[in-house]
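Here's the structure we're looking at; comments come further down.
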Amino acid sequence: MSEPLLAVEDLRTHFVTDEGVVRAVDGVSFEVRSGETLALVGESGSGKTVTALSILRLVPEPPARVSGRLLFRGRDLRALAPEELRRVRGGGIAMVFQEPATSLDPVFPCGDQIAEVVRAHERASRREARARAIEMLRLAGIPDAERRAREYPHQLSGGLRQRVMIAMALVCRPSLLIADEPTTALDVTIQAQILERLDRLRAELGMAVLLITHDLGVVAGAADRVAVMYAGRIVEWGSVDAIFHRPRHPYTAGLLASLPRLEGRGAPLRVIPGQVPDAARPPAGCRFHPRCPAALEACRTQEPPRAALEAGGEAFCWRSGEIAAGTLDPVSGEEKVRG
Amino acid sequence: MADLRPLSPGRIVWRRFRRNRVALASAALLAAFYALAVLAPFVAPYPPDELDRSRFYHPPQSLHWRDVQGRFHLRPYVRPTEPGSEPLRYREDPRRALPLRFFVHGAPYRVPGLGRLDLHLFGVDPPARVNLLGTDAAGRDELSRLLSGAQVSLTVGLVGIAISFALGLLLGGLSGYMGGWIDALVMRLAELLLSVPGLFLLIALRAVFPAEMPSRQVYLAIVAILGLIGWAGLARVVRGMALALRRTDYVIAAEALGMSRLRIIVRHVLPNTISFVIVAATVSVPAYILGEVFLSFLGVGVQEPAASWGNMLQQARSLRVLTDFPWLLAAPGVALFLTVMSFNFLGDGLRDALDPRQLARGRAR
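Chains as they are written, first to last, in this note's numbering: chain Z, 26 to 364; chain Y, 35 to 399.
The following block contains the structure:
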């Protein structure tokens with residue numbers, strides 16, 4: 026396989042606080058290939074956003090301590106000089122944030138803010154930058170782009186603002202877009218439009234997308250591959266098909282089981298009992314074991330092994346073999362006799 | 035039909051400002067004062083340093099609109115005066131009238147770009163003189179001095195603000211956004227400046243310059259001193275705002291999209307402090323005006339024969355003036371009072387109009 030666009034190797038982002046060291050991201054590794062959409066899924070507090078911010082080196086150090094390798098096109102982002110890093114941000118890797126309401130500067134018209142990104146990366150006259158901004162607004166699906174470019178963020182709806190953010194992120198044609206919960210703050214119909222637009226732009230501009238979300242519905246529609254995060258670690262990753270139909274980690278299985286289903290209308294929603302552990306005091310062994318229905322003694326004390334999955338993915342669980350063999354129900358924890 | 039388009043931020047601010055009558059009146063008054071200062075050589079009937087040895091301490095002459103028969107004249111006139119029996123007392127001649135002439139030719143003055151002009155707004159037929167605000171100890175026309183002094187006193191505030199705010203914004207913005215040793219250095223420097231009593235610092239810095247300097251240089255020196263003292267307080271506030279703005283989503287977003295630090299400070303951090311800065315600048319102008327008055331009052335500011343409101347007040351500090359020649363105190367005093375009050379009212383009005391919380395509410399529609 027060709028070299029991945031972005032390879033994150035053993036990323037650890039720890040925050041030193043009065044309560045101890047908060048291990049927000051604790052040994053995360055994954056790859057993003059050119060042109061694909063990789064979804065990074067997890068509950069609130071699982072470390073998704075910190076992972077994204079760490080990749081772009083937007084986590085202030087100190088107070089944070091970051092280690093690991095962040096290879097973008099084979100070069101470690103952590104070794105770049107400030108000016109090189111500045112060029113990668115927005116030029117090679119761009120990011121869209123969760124809150125379109127606050128991610129745009131309230132004191133400038135939207136078009137100016139996009140044009141400014143152009144001028145930060147390319148030698149362009151004001152007029153050229155402006156034309157590029159309007160063109161990009163149009164690509165992002167904003168009707169009447171010329172007029173919208175002159176408007177201030179407070180004059181736009183949430184959906185339009187997020188489109189402006191997307192236009193701003195993509196105006197310099199990055200090869201990787203990190204979208205951190207891009208649709209969480211929007212209502213459902215707008216969500217679908219934005220995701221569809223993002224996917225179209227991904228195909229048109231030939232870029233890869235790292236889609237960060239807690240919403241499995243979003244993942245199913247938009248991603249090629251999925252990595253599931255729990256308490257600062259990746260517990261399982263694989264193709265969307267494999268993860269959705271043959272989860273090998275009880276956490277993934279539990280997440281999927283807790284989705285509301287059409288056929289089960291009226292039935293109570295399933296939940297995973299318990300809460301995400303405090304990142305300052307993660308449990309020993311497998312971090313999911315206090316909430317896991319199938320936890321064994323080994324899960325409490327020893328880190329789970331890496332288990333390769335048939336479709337090229339991996340799960341980190343002591344019992345993924347049994348789950349794969351069908352002798353363990355990962356949702357209920359019941360053991361079944363084969364046959 | 036009502037226009038339903040959303041208002042731009044500028045229009046929203048103007049709408050709110052307009053409702054505050056006092057602030058609006060203050061703005062108008064200040065605009066008039068500044069216009070008079072710009073047009074001073076034209077509005078003033080005489081040069082500020084022209085002496086008339088026959089008219090020391092002449093009281094203000096009142097304008098008359100009706101003649102002895104009680105007939106109304108559209109053109110006002112003053113009555114000529116002559117020295118009375120006692121020294122420094124003047125007697126009006128009720129039989130004669132000196133009609134005010136408009137757009138008369140008088141003492142020449144220089145206008146940059148236009149060369150020499152000699153047109154004045156009003157005057158009387160020479161050799162008689164008109165002193166609507168009286169004359170001072172040297173027989174100089176008080177009105178002409180007041181207008182000429184306005185050029186110094188009113189601009190010293192604006193130029194001083196421009197210097198100290200440029201410094202304060204840049205240093206405060208850098209300090210807050212960059213953090214680290216830059217922050218520590220700038221803040222310690224600011225604290226050093228703030229911990230020395232302002233007036234003492236003012237006089238001490240004044241001592242750096244020679245005591246006898248041409249008035250233009252003294253003026254520049256005063257402006258420079260006031261500007262160098264004034265930035266510290268602002269820098270501290272701007273630093274605090276920059277610290278807060280640095281963690282806002284749009285600054286992080288700008289960083290994530292490869293904007294350089296300087297660009298972020300100039301384009302995102304500083305513009306978001308603007309509503310505070312406008313208000314702070316407006317309410318600080320009086321401090322600069324009073325700073326000049328203070329220096330001139332101590333005799334180390336603008337030197338005679340050039341006029342400033344400060345050295346006019348300095349002339350009027352004796353008890354004798356208060357009892358016998360009160361116009362010498364009243365003219366610069368009232369002008370100063372009105373200016374300072376207007377800046378304060380204007381600042382209050384702007385603060386209400388620009389209040390960030392109100393703006394935030396407006397944006398959250």
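Beta carbons: idealized from backbone N, C-alpha and C, even for Gly.
Beta-bridge pairing of residue i - partner residues as DSSP gives them
| i | result |
| --- | --- |
| H154/Y | V138/Y |
| G45/Z | T42/Z |
| H400/Y | In the structure displayed, chain Y extends from 35 to 399; residue 400/Y sits before or after that span and is not available. |
| R100/Z | F97/Z |
| L65/Z | I237/Z and A252/Z |
| M120/Z | I203/Z |
| L31/Z | V57/Z and F97/Z |
| E86/Z | None, per the DSSP bridge assignment. |
| D51/Z | R37/Z |
| G149/Y | V145/Y |
Spatial distance of residue i from residue j (CA atoms)
| i | j | result |
| --- | --- | --- |
| F359/Y | P93/Y | 7 Å |
| S294/Y | H146/Z | 10 Å |
| H98/Y | L73/Y | 25 Å |
| A233/Z | R114/Z | 15 Å |
| L227/Y | L164/Z | 53 Å |
| R113/Y | E126/Y | 6 Å |
| C135/Z | Y177/Z | 6 Å |
| P146/Y | S182/Y | 16 Å |
| T169/Y | P131/Z | 55 Å |
| Y276/Z | S79/Z | 24 Å |
| G346/Z | G358/Z | 14 Å |
| H107/Y | F137/Y | 18 Å |
| H314/Z | P298/Z | 11 Å |
| L321/Z | P308/Z | 14 Å |
Where residue i falls, given that 16 or more other Cβ within 10 Å makes a residue buried
| i | result |
| --- | --- |
| F371/Y | exposed |
| S143/Z | First, the amino acid is wrong: residue 143/Z is Val here, not Ser. It is buried - the Cβ of V143/Z has at least 16 other Cβ atoms within 10 Å. |
| V257/Y | buried |
| L356/Y | exposed |
| W262/Z | buried |
| L312/Z | Here residue 312/Z turns out to be Arg, not Leu, going by the sequence shown. When all chains shown are included, R312/Z counts as buried. |
| G340/Y | The amino acid occupying residue 340/Y in the given sequence is Ala; Gly does not appear at that position. Classification for A340/Y: buried. |
| R399/Y | For R399/Y, the predicted model reports a pLDDT of 32, less than 50, meaning its position is unreliable and no value from the coordinates is stated. |
| F234/Y | exposed |
| E229/Z | exposed |
| I323/Y | buried |
| T214/Z | exposed |
| A36/Y | Because the pLDDT of A36/Y is 49, which lies under 50, any placement of that residue in the model is unreliable, and the question is left without a value. |
| E108/Z | exposed |
| E360/Z | exposed |
| I308/Y | exposed |
| L279/Y | buried |
| G118/Y | exposed |
Own chain, CB closer than 8 Å to residue i, minus 5 neighbours either side, in chain order
| i | result |
| --- | --- |
| G284/Y | At residue 284/Y the sequence reads Tyr, which differs from the Gly that was named. H302. |
| G310/Z | A323, C324, R325, T326, Q327, E328 and P329 |
| F51/Y | A57, L58, G383, L384, D386 and A387 |
| P88/Z | F40, V41 and T42 |
| R157/Z | I139, A140, V143, A149 and V196 |
| A141/Y | Y80, P81, E84, D152 and H154 |
| L294/Z | S283 and P285 |
Test item: CB-CB of residue i and residue j under 7 Å
| i | j | result |
| --- | --- | --- |
| A194/Z | V121/Z | yes |
| T62/Z | L281/Z | no |
| L83/Z | V57/Z | no |
| I139/Z | A192/Z | yes |
| V208/Y | I216/Y | This sequence places Leu at residue 208/Y; Val is not what is there. Closer than 7 Å, so yes. |
| V334/Y | R270/Y | no |
| S187/Y | W343/Y | yes |
| A252/Z | D224/Z | no |
| P110/Y | L134/Y | yes |
| I118/Z | L241/Z | no |
| A304/Z | L353/Z | no |
Own chain residues within Cβ distance below 6 Å of residue i, not counting five before or after
| i | result |
| --- | --- |
| L201/Y | W265 |
| F379/Y | V56, A57 and S60 |
| V243/Z | none |
| T189/Y | none |
Residues near residue i in its chain [Cβ-Cβ closer than 7 Å; skip 5 each side]
| i | result |
| --- | --- |
| S352/Y | none |
| E28/Z | G99 |
| S178/Y | A78, P79, Y80, P81 and P82 |
| R175/Z | P134 and G136 |
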